[in-house]
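Residue numbering for the sequence shown follows UniProt numbering, beginning at 1 and increasing consecutively.
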Amino acid sequence: MTGLITGMLWLQFNAYHATNWTLPSLLISKTLQVEGQVHTLVTPDESLRFTLKVHKINGLNIKSDNVKVRISWHQPAFIPGQGQTLLMQLRLKPAHSLANDVGFHYQQWLISKGIRATGYQVSQLRPKIIDDSISWRQSLLNTLIELNLKNKGWIAALTLGYRGLLDTQDWTLLQHTGVAHLVAISGLHLGIVASLVFLLLPLCLAPFSRKQTNLRLISAVFATIVACLYSFLAGMSLPTLRACLMLVLVSVLMIYAKHLGLRRLIICCCALVLLVSPLSILTASFWLSFYAVCLIGVILWKWPVTSQSGGNWQRFLIAARLQLGLCILMIPMVAWQFGFISLISPLANFLAVPLVTLIMVPVCLAGLCLLPVYPAGAQYLFGLVDKAITLGVKGLSYLSESVAVMQVPAPPLAVWFMMGIGLFICIIPAFKWRGLIAVLLCVPFLSYLMPVFSEQWRIEVLDVGQGAAAVVSRNGKTIVIDTGPSYNSGFNMADAVILPLIQRKGLQAPDYIFITHHDMDHDGSLRPLSTHYPDAKVMSNTDSCVHGKQLKWQSLTIRLLWPPAALKESENNRSCVIHISDGHHSVLFAGDIERKSELELVEKTPIQLKADILLVPHHGSKSSSSTAFIQRVMPEFAVFSTGYLNRWQFPRPEVVKRYKDNHIVTLNTAKTGQISFIIERTIKVKTFRKDTLPYWYANQ
Numbered sequence: 001m002t003g004l005i006t007g008m009l010w011l012q013f014n015a016y017h018a019t020n021w022t023l024p025s026l027l028i029s030k031t032l033q034v035e036g037q038v039h040t041l042v043t044p045d046e047s048l049r050f051t052l053k054v055h056k057i058n059g060l061n062i063k064s065d066n067v068k069v070r071i072s073w074h075q076p077a078f079i080p081g082q083g084q085t086l087l088m089q090l091r092l093k094p095a096h097s098l099a100n101d102v103g104f105h106y107q108q109w110l111i112s113k114g115i116r117a118t119g120y121q122v123s124q125l126r127p128k129i130i131d132d133s134i135s136w137r138q139s140l141l142n143t144l145i146e147l148n149l150k151n152k153g154w155i156a157a158l159t160l161g162y163r164g165l166l167d168t169q170d171w172t173l174l175q176h177t178g179v180a181h182l183v184a185i186s187g188l189h190l191g192i193v194a195s196l197v198f199l200l201l202p203l204c205l206a207p208f209s210r211k212q213t214n215l216r217l218i219s220a221v222f223a224t225i226v227a228c229l230y231s232f233l234a235g236m237s238l239p240t241l242r243a244c245l246m247l248v249l250v251s252v253l254m255i256y257a258k259h260l261g262l263r264r265l266i267i268c269c270c271a272l273v274l275l276v277s278p279l280s281i282l283t284a285s286f287w288l289s290f291y292a293v294c295l296i297g298v299i300l301w302k303w304p305v306t307s308q309s310g311g312n313w314q315r316f317l318i319a320a321r322l323q324l325g326l327c328i329l330m331i332p333m334v335a336w337q338f339g340f341i342s343l344i345s346p347l348a349n350f351l352a353v354p355l356v357t358l359i360m361v362p363v364c365l366a367g368l369c370l371l372p373v374y375p376a377g378a379q380y381l382f383g384l385v386d387k388a389i390t391l392g393v394k395g396l397s398y399l400s401e402s403v404a405v406m407q408v409p410a411p412p413l414a415v416w417f418m419m420g421i422g423l424f425i426c427i428i429p430a431f432k433w434r435g436l437i438a439v440l441l442c443v444p445f446l447s448y449l450m451p452v453f454s455e456q457w458r459i460e461v462l463d464v465g466q467g468a469a470a471v472v473s474r475n476g477k478t479i480v481i482d483t484g485p486s487y488n489s490g491f492n493m494a495d496a497v498i499l500p501l502i503q504r505k506g507l508q509a510p511d512y513i514f515i516t517h518h519d520m521d522h523d524g525s526l527r528p529l530s531t532h533y534p535d536a537k538v539m540s541n542t543d544s545c546v547h548g549k550q551l552k553w554q555s556l557t558i559r560l561l562w563p564p565a566a567l568k569e570s571e572n573n574r575s576c577v578i579h580i581s582d583g584h585h586s587v588l589f590a591g592d593i594e595r596k597s598e599l600e601l602v603e604k605t606p607i608q609l610k611a612d613i614l615l616v617p618h619h620g621s622k623s624s625s626s627t628a629f630i631q632r633v634m635p636e637f638a639v640f641s642t643g644y645l646n647r648w649q650f651p652r653p654e655v656v657k658r659y660k661d662n663h664i665v666t667l668n669t670a671k672t673g674q675i676s677f678i679i680e681r682t683i684k685v686k687t688f689r690k691d692t693l694p695y696w697y698a699n700q
């Protein structure tokens with residue numbers, strides 16, 4: 001009990017420490033003189049992203065000693081390096097991100113890394129270098145980049161743990177083949193390196209040692225030191241830290257001739273990780289790494305490796321059984337985290353794991369050791385690895401051309417837990433009704449794969465920053481209304497938010513994609529979305545979306561109220577206004593219409609404007625939401641789709657006041673994250689920040 005209370009207090013202390021410093025409101029979005037040290041590795045690019053450990057803001061020392069900010073620098077004047085101290089001119093905001101049911105939870109990642117604010121370097125100003133010293137990791141990375149290699153990103157990942165040079169295509173290949181763990185330096189890599197040192201060192205020292213020399217002890221100590229150096233070289237990420245701690249524990253036990261069971265070893269290692277880095281519990285890698293280690297223990301318990309397990313064929317069977325069992329038992333955790341299952345993962349891992357760990361990693365480390373003293377030798381070794389990686393990537397690409405991935409829906413965590421128990425029961429010693437119990441535990445998950453027919457329909461107003469995107473669904477069918485923005489970097493809301501939502505909810509491809517108007521914040525992600533769903537019919541204000549048109553879809557009536565044909569107005573005032581109703585409840589999507597179009601709508605279609613839910617015109621700008629329009633629609637809920645601390649200051653306070661004066665509930669995606677309306681006989685509302693992750697999202 002004492003240990004439990006102490007652990008809870010330690011976690012609470014660190015949670016407070018992670019959130020006790022926030023950017024003062026007076027400094028938000030103002031140009032600040034920020035002095036700090038570059039905390040992460042940086043590589044040349046047109047747009048840089050790195051973490052800065054802050055020392056001073058506007059010449060004043062900050063109270064906290066571990067404040068980090070995440071910086072973007074477009075078209076940099078020079079390339080900084082890890083370890084350098086810079087004086088930058090930044091505009092900062094408190095750590096914040098999109099908050100949706102699916103997709104990458106960037107804000108949670110920021111908090112787990114101790115990052116308190118995000119911002120960008122003001123382009124007109126040039127940062128000053130106060131201390132030009134760079135870290136040895138940055139120096140090695142810079143030298144590695146200068147080598148004539150095709151696969152620098154893969155080599156940097158295997159040696160320095162730096163994955164910033166891997167592009168989207170590389171990551172897609174790794175994820176779809178289930179071998180992404182090979183570019184995260186973890187127990188597999190450290191274990192192989194330590195084992196090679198432990199086995200080879202006695203052979204090297206034997207001719208020079210005396211009989212009383214304990215070569216086993218010397219090898220264990222030296223193997224641990226080498227593994228720790230590799231961990232520091234890799235940046236001591238969470239998987240690396242976990243593996244390093246476990247390796248140190250095993251070495252200490254070996255040195256003192258103590259035995260500790262695998263279960264206790266895992267518990268001790270987990271406790272040490274949480275002691276050193278409590279907020280790592282927020283990361284997916286924490287759960288994936290410890291879950292995988294636990295599964296290895298379960299498999300070795302079921303099929304133990306004995307001294308009689310000799311012979312190459314026996315070793316092959318042991319390795320194959322371990323790999324297959326690990327891939328199958330990892331399914332619930334991987335599917336829960338990523339929303340898909342790699343069908344070729346067992347084969348891909350069986351081929352790639354020995355190639356990477358037994359050949360590539362040792363050769364890469366040997367090349368890295370030669371790099372400062374004998375660059376030509378390092379170039380030769382890296383060249384061999386480069387060719388091996390090229391062949392390996394071709395092999396993985398060939399495998400992934402088949403049906404490599406199965407998308408799975410996102411049932412509650414309890415359903416995944418039951419499925420995991422069901423799979424676990426399959427490998428424990430047989431007992432009566434074992435098969436039946438295992439099947440019954442998997443039934444809840446299988447039920448989520450079946451189509452569902454219901455009177456219920458849903459509206460998901462997505463958090464896409466300063467923009468708009470919504471998904472309407474019923475009976476597994478969907479329509480999309482606006483797609484949100486996209487950016488020059490390639491980041492877009494289709495890939496980041498809309499596609500993951502449709503896939504994780506188990507929904508079918510959209511029948512329609514409505515574009516209210518062609519401003520970037522509404523149609524910016526149309527191209528990637530329509531590329532993924534080529535059969536979806538696109539309707540916009542420039543073609544088929546005209547006043548008077550009516551559609552029937554899944555027993556819902558879709559009325560297009562605006563614009564009239566051949567209307568000559570601004571793009572905003574020609575927005576497609578869409579009214580969707582089930583006969584009892586309705587929603588109105590108003591696009592970016594302004595006061596002039598609002599008043600014409602009030603005059604021409606007064607009855608059809610009535611709705612329970614209103615997507616507020618033009619994000620709550622002062623040029624929209626006239627009193628006459630509000631009182632004609634008279635919704636129960638008014639939704640503002642805006643970006644956090646956006647430069648236009650939407651929604652305007654006077655506009656919000658007009659809605660509240662009419663006793664209308666106002667919701668803002670910048671504050672609530674994704675807003676879900678579940679419509680049946682009544683309308684239920686769920687917001688992501690309040691109802692899903694209240695502490696880490698609502699208390700920022």
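All C-beta atoms, glycine included, are put in the ideal place defined by N, C-alpha and C. Since the structure is predicted, the reported quantities are computational estimates derived from the model, not experimental observations.
So what does DSSP say about residue 640, is it helix, strand or coil? strand
What whole-angstrom Cβ distance do residue 708 and residue 540 have, given they're in contact under 8 Å? Look at the range of the chain in this structure, 1 to 700, and you will see that residue 708 is not part of it.
Roughly how many angstroms lie between the CA atoms of residue 482 and residue 111, to the nearest whole one? 31 Å
In angstroms with no decimal places, state the Cα-to-Cα distance between residue 98 and residue 331. 27 Å
According to DSSP, what are the bridge partners of residue 61? 56
Need the endpoints of the alpha helix (DSSP H) that residue 701 sits in, please. Only positions 1 to 700 of the chain appear in this structure, which leaves residue 701 out of reach.
Use the C-beta contact count for residue 548: other C-beta atoms within 10 angstroms, 16 or more gives buried, fewer gives exposed. exposed
If you reduce the DSSP assignment to three classes, tell me which class residue 460 lands in. strand
Given 8 Å as the limit, is there contact between the segment 440-452 and the segment 404-419, that is, 3 or more CB pairs closer than that? yes
So what does residue 586 bridge to, in DSSP terms? 581
Roughly how many angstroms separate the alpha carbons of residue 559 and residue 567, rounded to a whole number? 18 Å
Could you name the residues of the same chain whose beta carbon sits closer than 7 Å to that of residue 350, not counting the 5 residues immediately before and after it, in chain order? 320, 323
Please classify residue 261 as buried or exposed, where buried requires at least 16 other C-beta atoms within 10 Å of its C-beta. exposed
Might you give, ordered along the chain, the residues of its own chain that have their beta carbon closer than 8 Å to the beta carbon of residue 220, omitting 5 neighbours on each side? 198, 251, 254, 255
Extract the residue ranges of the beta strand (DSSP E) inside the segment 604-653, only unbroken runs of 3 or more that lie entirely within it. 613-615, 637-640
Own chain residues within Cβ distance below 6 Å of residue 564, not counting five before or after: 547
Tell me whether residue 487 is buried or exposed, calling it buried when 16 or more other Cβ atoms sit within 10 Å of its Cβ. exposed
Euclidean distance between Cα positions of residue 223 and residue 194: 5 Å
Spatial neighbours of residue 418 within its chain, please: CB distance less than 8 Å, with the 5 preceding and 5 following residues excluded, ordered by chain position. 441, 442, 444, 445
For residue 47 versus residue 29, is the C-beta distance shorter than 8 Å? no
Under 8 Å by Cβ, that's how I've got residue 556 and residue 590 pegged, so tell me the actual separation to the nearest angstrom. Wrong, their Cβ atoms sit about 18 Å apart, outside the cutoff.
Select from 53, 622, 3, 506 the residue whose C-alpha is nearest the C-alpha of residue 37. 53
So what's residue 745 in DSSP terms, helix, strand or just coil? Beyond the ends of the chain as shown, which are 1 and 700, falls residue 745; an answer cannot be given.
Three or more beta-carbon pairs under 8 Å between the segment 271-283 and the segment 240-248, yes or no? yes
Under 8 Å, do residue 492 and residue 454 count as touching if we go by C-beta distance? no
Spell out whether any CB of chain B is found under 8 Å from the CB atom of residue 379. The structure shown contains no chain B; it holds only a single protein chain.
For residue 439, collect the residues of the same chain with a Cβ closer than 8 Å to its Cβ; drop the 5 residues on either side in sequence, then sort them by chain order. 422
Residue closest to residue 67, alpha-carbon to alpha-carbon, out of 79, 76, 116: 116
Could you tell me which residues DSSP puts in a beta bridge with residue 117? 69, 94
For residue 392 versus residue 352, is the C-beta distance shorter than 8 Å? yes
Measure the alpha-carbon distance for residue 677 versus residue 479 and round it to whole angstroms. 15 Å
Which residue or residues does DSSP assign as beta-bridge partners of residue 200? Paired residues: none, contrary to the question.
Cβ contact (3+ pairs, closer than 8 Å) linking the segment 76-85 and the segment 121-140: yes
Hey, which unbroken runs of the alpha helix (DSSP H) at 4 residues or more fall wholly within the segment 502-572? 520-523, 526-532
Using the rule of at least 16 other Cβ atoms within 10 Å of the residue's Cβ for burial, across every protein chain shown, is residue 635 buried or exposed? buried
Helix, strand or coil for residue 35, going by three-state DSSP, please let me know. strand
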